[in-house]
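Colleague: Numbering (numbering that gives the first Met the number 0), first residue to last: 0 to 244. Before we start, here is the structure in question, set down as structure tokens.
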Amino acid sequence: MIPTLRVLIHMGSLQRLLPFWIGGLVTLILGFSPLLLLAVAYGVLMQFFVEYAMHRFLLHRAPPTEQGVFNALYRSHIGHHEFPGDAEFFTGDDHWYPVRFGLLSLAIHTVILWPALGLGGALVFGVVAIFFGSVSAFAFYEYCHTLAHLNVPKGWFGTRVTQSHLAHHFQDHDATYHVSIGMGWIDRLFGTAHDRDTAKARYDRKTILSMGMDPEDLRLVTARKAYGLPKIPGNRRGPPTETGA
Numbered sequence: 000m001i002p003t004l005r006v007l008i009h010m011g012s013l014q015r016l017l018p019f020w021i022g023g024l025v026t027l028i029l030g031f032s033p034l035l036l037l038a039v040a041y042g043v044l045m046q047f048f049v050e051y052a053m054h055r056f057l058l059h060r061a062p063p064t065e066q067g068v069f070n071a072l073y074r075s076h077i078g079h080h081e082f083p084g085d086a087e088f089f090t091g092d093d094h095w096y097p098v099r100f101g102l103l104s105l106a107i108h109t110v111i112l113w114p115a116l117g118l119g120g121a122l123v124f125g126v127v128a129i130f131f132g133s134v135s136a137f138a139f140y141e142y143c144h145t146l147a148h149l150n151v152p153k154g155w156f157g158t159r160v161t162q163s164h165l166a167h168h169f170q171d172h173d174a175t176y177h178v179s180i181g182m183g184w185i186d187r188l189f190g191t192a193h194d195r196d197t198a199k200a201r202y203d204r205k206t207i208l209s210m211g212m213d214p215e216d217l218r219l220v221t222a223r224k225a226y227g228l229p230k231i232p233g234n235r236r237g238p239p240t241e242t243g244a
């Protein structure tokens, strides 16, 4: 657990979200009510769906043809698949993105809830839901994801997380988009649960690490060069460090 937490502490996105999480916690404590408990539950559930949707539809979208846009996607996710043991690629490089996403979500929720709860009530509900509930779930996701990739003693919890997530990396990258433990029901709901026969039929040893792309595709070669990575994809850079992404 300790090595995993050391990586999380150095994650830029979590560092930037921490003040907002504290603000959400303080808001919950000072204005405690059953409605705010509902806000926490809503925020957590919403984040688990966001986790799935962003992984499936944003990070696994069709590879862009323009090299600059492709490089951004490579840094966000493709590079993580090609070099899954490199902690530097556990997250993308835009560490302010979760903050911007959270603030936009807060604005949308406030506008929608304003007629029912009033401006103050809508704002408080949104702050607690997003910056305490959703950010807590996001930190849990990062914990599960990091634990799955680190070579550390796992125990029952870590073993389950690792088996589930690494099936996405090494068996079928078009399934098992959830990462947080216990959220497999979301994949089942949307028809992307891991299936052994389907995975076997899809599996291509040459392209599995490159998310279905030819590993010699010029876009991949150019992106690896841009980020100082080896020419051959795979876990080639040694064990993950604890310095974070």
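Positions of the beta carbon are idealized from the N, C-alpha and C atoms, including for glycine.
Taking 9 angstroms as the threshold (beta carbon to beta carbon), is M210 in contact with chain B?
Modeller: Reference to chain B is not applicable here, since this structure consists of a single protein chain.
Colleague: Rounded to a whole number of angstroms, what is the C-alpha to C-alpha distance between A198 and Q170?
Modeller: A198 and Q170: Cα-Cα distance of roughly 6 angstroms.
Colleague: Pull up the distance between the alpha-carbon of T3 and that of V110, whole angstroms please.
Modeller: Approximately 38 angstroms between the Cα atoms of the pair.
Colleague: Helix, strand or coil for G67 per DSSP?
Modeller: Note: G67 maps to helix in three-state DSSP.
Colleague: At 4 residues or longer, what runs of the alpha helix (DSSP H) sit wholly inside the segment 41 to 104?
Modeller: Listed in chain order, the complete alpha helix (DSSP H) runs (minimum 4 residues) inside the segment 41 to 104 are 66 to 72, 78 to 81.
Colleague: Report yes or no: do the segment 31 to 47 and the segment 170 to 188 share at least 3 C-beta pairs separated by less than 8 angstroms?
Modeller: Flag = yes, the segment 31 to 47 and the segment 170 to 188 touch.
Colleague: According to DSSP, simplified to helix, strand and coil, what is G114?
Modeller: For the sequence presented, residue 114 should be read as Pro rather than Gly. Helix at P114.
Colleague: Cβ of D173 within 9 angstroms of Cβ of H59?
Modeller: A contact, by the Cβ cut-off of 9 angstroms.
Colleague: Quick check: what's the CA-CA separation for P83 versus L34?
Modeller: Distance between the alpha carbons of P83 and L34: 41 angstroms.
Colleague: Alpha carbon to alpha carbon, how far is F19 from A121? Give it in angstroms, no decimals.
Modeller: Spanning the two alpha carbons is a distance of roughly 17 angstroms.
Colleague: Judging by CA-CA distance, which residue of L72, V6, L16, T26 is the nearest neighbour of A225?
Modeller: A225 has its Cα closest to that of L72, out of L72, V6, L16, T26.
Colleague: Measuring CB atoms only, is the segment 150 to 158 touching the segment 126 to 134, in the sense that at least three cross pairs come out at less than 8 angstroms?
Modeller: Touching, no.
Colleague: What separation, rounded to the nearest whole angstrom, lies between the Cα atoms of V68 and W95?
Modeller: Going from the Cα of V68 to the Cα of W95 covers about 18 angstroms.
Colleague: Could you check what DSSP says for H9 in three-state terms: helix, strand or coil?
Modeller: In the structure shown, H9 sits in coil (DSSP, three-state: anything other than H, G, I, E or B).
Colleague: Secondary structure at D203, three-state DSSP: helix, strand or coil?
Modeller: The answer is coil: DSSP assigns D203 none of H, G, I, E or B.
Colleague: Taking Cβ positions, are T161 and V6 nearer each other than 9 angstroms?
Modeller: Contact flag unset, no.
Colleague: Between the C-alpha atoms of F11 and S75, what's the straight-line distance to the nearest angstrom?
Modeller: The amino acid occupying residue 11 in the given sequence is Gly; Phe does not appear at that position. Distance between the alpha carbons of G11 and S75 is about 14 angstroms.
Colleague: Quick check: the Cα distance between D149 and H167, rounded to an integer number of angstroms?
Modeller: According to the sequence displayed, residue 149 carries Leu and not Asp. Whole-angstrom Cα-Cα distance: 16 angstroms.
Colleague: Near H79, which residues of its chain fall below 6 angstroms by C-beta distance, leaving aside the five closest residues on each side in sequence?
Modeller: Closer than 6 angstroms at Cβ, skipping near neighbours: F88.
Colleague: Is it buried or exposed for L118, if we count other Cβ within 10 angstroms and need 16 for buried?
Modeller: Its Cβ having fewer than 16 others within 10 Å, L118 is exposed.
Colleague: Apart from the five residues just before and just after D92, which ones in its own chain have a Cβ nearer than 6 angstroms to its Cβ?
Modeller: Only R74 meet the Cβ criterion.
Colleague: Which of the three DSSP states is assigned to I231 in this structure?
Modeller: Note: I231 maps to coil in three-state DSSP.
Colleague: Under 9 angstroms between the Cβ atoms of L165 and A147?
Modeller: Yes; because the gap between Cβ atoms is below 9 angstroms, this pair is in contact.
Colleague: Can you tell me the Cα-Cα spacing of D203 and V123, whole angstroms?
Modeller: Approximately 49 angstroms between the Cα atoms of the pair.
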